[in-house]
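Colleague: First the structure, which I've put down as structure tokens, then a few questions once you've had a look.
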Amino acid sequence: MGLEAASSAAFLTAVLVLVLAGTPPSALASHPPEIIRKPSNQGVRVGGVATFFCGARGDPAPNIVWRKNGKKIMGTQSRYSVIESNGVSMLRIEPVRAGRDDAPYECMAENGVGDAVSAEATLTVYEPDKTPSGFPVITQSPTTRVIEIGHTAVMQCKATGSPQPKIYWIKDMKRVDMTNSRYSINAEGSLQIDNSEESDMGRYECVAENSVGTEHTKQTNLYVKVRRVPPTFSRPPEPVYEVMLGGNLSLACVAVGSPMPYVKWRQGVDQELTPENDVPVGRNVMELTN
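Just so we're aligned: the sequence shown equals residues -29 to -1, 1 to 261 in mature numbering (1 follows the signal peptide of the UniProt record, and there is no 0).
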């Protein structure tokens, strides 16, 4: 091996050693699954909706499955839905039936590292004439709302019961993320959405729960209208420009609309002067030199 080859080999070895030495042990480690959100026991009236939530963490991310009486629940079953979002799995049963859905439900998480872990909750189904005292009663349900984008939307909900029910919201079969600073629930239970966006559009339902049972409202739609205004030039280019020979020229063009339009330059009929991957919004200034 020549001097140059030997030096290259030594350099490569040193680089590999430095990279491995600089890798934190945690980046190479795996972690067994851990249940961080256990499902809660539920009491639901016949024909109602039951929802169980289960969250798990680990490395790699655990796979969550649901079991009823030891048998795996398939999310494609007619009355059963399994929806996952942000590491939380939701089992939804609708409509609930007496004599068929009364059972323990198990959430199991596994990721191939260590043993699988699980948590269990029981569903109790009440006949209409056997609903226990204190069971939540929805006194005001949300109704279909239509608002313009950027405005505030309020989805109304009130409930009574003993103890006083706590209220949360579900949108498009997923629990509303209350860490979003635009969302808030007032003391009565209504959901307020500030500075509404297109992504807020969907089907919402209010859920009231206490230690006695759980009650869902029917799903209702929130529509967010996006105001459409065709593009117009607020500062069109001049019809004629004069410039000294060899001088530079800046051509500015500004347009408005809703949503804001893309602005690009074209010479003649088919010669595009603005790169397709870099078309600005609202304002485009083209520099001509020499």
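Using N, Cα and C, we set each Cβ at its ideal position, and we do this for glycine too.
(1) Please identify the residue among Ser155, Val59, Leu193 and Asn12 whose C-alpha is closest to the C-alpha of Gly29.
(2) Pick out whichever of Asp148, Leu220, Val252 and Val183 has its Cα sitting closest to the Cα of Val108.
(3) Just the Cα atoms here: how many angstroms apart are Gly94 and His2?
(4) Report the partner residues of Met126 according to the DSSP bridge assignment.
(5) In terms of alpha-carbon separation, which member of Glu81, Ala179 and Arg237 lies closest to Asn34?
(6) Does the distance from the CB of Pro66 to the CB of Gly18 come in under 7 angstroms?
(7) If you draw a straight line from the C-alpha of Ala124 to the C-alpha of Cys177, how long is it?
(8) Is the beta carbon of Val147 sitting closer than 7 angstroms to the one on Met79?
(9) To which residues of the same chain is Gly228 closer than 7 angstroms at the C-beta, ignoring the five residues directly before and after it?
(10) In angstroms, rounded to a whole number, what distance separates the CA positions of Val252 and Ile164?
(11) From Tyr139, Phe24, Val240 and Ala74, pick the residue whose C-alpha is nearest to that of Arg63; which is it?
(12) What are the boundary residues of the beta strand (DSSP E) that includes Lys142?
(13) Is Lys39 helix, strand or coil by DSSP?
(14) Under a three-way DSSP split, which group does Asp171 fall into?
(15) For my contact list, Glu186 and Lys137 are in at a C-beta cut-off of 8 angstroms; report their separation, rounded to the angstrom.
(16) Pick helix, strand or coil for Thr(-17), following the three-state DSSP scheme.
(17) Are the Cβ atoms of Val234 and Ala223 separated by less than 7 angstroms?
(18) When the Cα of Arg254 is compared with those of Pro208, Asn57, Pro99 and Leu216, which residue comes out closest?
(19) Between the Cα of Lys196 and the Cα atoms of Leu216, Pro230 and Met215, which residue gives the shortest distance?
Modeller: From the atom records:
(1) Val59
(2) Val183
(3) The residue you asked about is not Gly; residue 94 is Leu in the sequence shown. Those two C-alpha atoms are separated by around 31 angstroms.
(4) Leu162
(5) Glu81
(6) yes
(7) 15 angstroms
(8) no
(9) Val200, Pro201, Pro202 and Thr203
(10) Val252 and Ile164: Cα-Cα distance of roughly 28 angstroms.
(11) Phe24
(12) Lys142: member of the beta strand (DSSP E) spanning Lys137 to Lys142, first to last residue.
(13) Here Lys39 sits in strand by DSSP.
(14) helix
(15) Contact between Glu186 and Lys137 is ruled out by a C-beta separation of about 12 angstroms, above the 8 angstroms threshold.
(16) Any reading at Thr(-17) is ruled out, since the residue's pLDDT is 33, under 50, leaving its predicted position unreliable.
(17) no
(18) Closest by alpha carbon: Pro208.
(19) Residue Pro230 is the option with its Cα nearest to Lys196.
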